[in-house]
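Trainee: One structure follows; several queries about it will come next.
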């Protein structure tokens, strides 16, 4: 079975540009999570969806960040405009339903904003 | 508030040594779940184990074993006869009766040949 798929794996962009990260969850999973990993803050949850509906976006840093899940097999995380402090590894994870179920992570997107 | 503490920032061992990674958690919930994930140098996060708060049985999987003790709020991870391929950052995580995973800061394990 395919795991969580993320694209691109690496992204280098210049400050002020729009960045779109993409995620395809594991088939059949109905919860999707976006995390960011930095040296300073570790792994932090940005937003998550249940059945394509955003449930908690309290971790989204600011209005420059937005996430969508138009269907059960696709989600995007957009940063507009990007800033150097957004440089991080962004992970997408998915799980069955909620509660006790395990979150499985994608390979991550390493974002560098110059 | 929930919290996960991994006090060991970095551990170095020589191959074939046993090593234990510590994890201490805080929660007010009676129902919660604990996890360990491995992040090898390639960067992905790999799920290793999930434990629920009602199951204090220790678990063994090959060279890996986990010791869950509610009395001390600990969920420690032991690698027996470590190998170079075990070199990675290991994260302990807590989930209460919500969907949020709270991660510890991770322990970097280096296994030298």
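Residue numbers (our numbering), protein chains in the order written: chain P, 16 to 129; chain Y, 630 to 742. Using N, Cα and C, we set each Cβ at its ideal position, and we do this for glycine too. Bear in mind that the values here come from a model prediction, so they are computed numbers and not experimental data.
Where does residue 682(Y) fall in DSSP's three states?
Mentor: coil
Trainee: Measure from the C-beta of residue 115(P) to each C-beta in chain Y and report whether the shortest distance is under 9 angstroms.
Mentor: yes
Trainee: Is any non-hydrogen atom of the ligand GDP found closer than 8 angstroms to the C-beta of residue 653(Y), if you look at the structure I gave you?
Mentor: No copy of the ligand GDP appears in this structure; indeed no ligand is present at all.
Trainee: Could you please tell me which residues of the stretch 709-742 of chain Y, in chain order, have their CB closer than 9 angstroms to any CB of chain P?
Mentor: 720, 722, 724, 726, 727, 728, 729, 730, 731, 732, 733, 734, 735
Trainee: With a cut-off of 8 angstroms, do at least 3 Cβ pairs link the stretch 35-49 of chain P to the stretch 102-122 of chain P?
Mentor: yes
Trainee: Quick check: is the beta carbon of residue 104(P) nearer than 9 angstroms to any beta carbon in chain Y?
Mentor: yes
Trainee: Just list the residues that DSSP pairs residue 699(Y) with in beta bridges.
Mentor: Its beta-bridge partners do not exist; DSSP assigns none.
Trainee: With 8 angstroms as the C-beta to C-beta threshold (strictly closer), list the residues of the stretch 682-700 of chain Y near chain P in chain order.
Mentor: Going along the stretch 682-700 of chain Y in chain order, one finds no residue with a Cβ nearer than 8 angstroms to chain P.
Trainee: How about residue 672(Y) and residue 125(P): are their beta carbons less than 9 angstroms apart?
Mentor: yes
Trainee: Does the distance from the CB of residue 94(P) to the CB of residue 33(P) come in under 9 angstroms?
Mentor: yes
Trainee: Does the beta carbon of residue 72(P) sit closer than 9 angstroms to a beta carbon anywhere in chain Y?
Mentor: Not closer than 9 angstroms to any Cβ of chain Y, the Cβ of residue 72(P) fails to qualify, so no.
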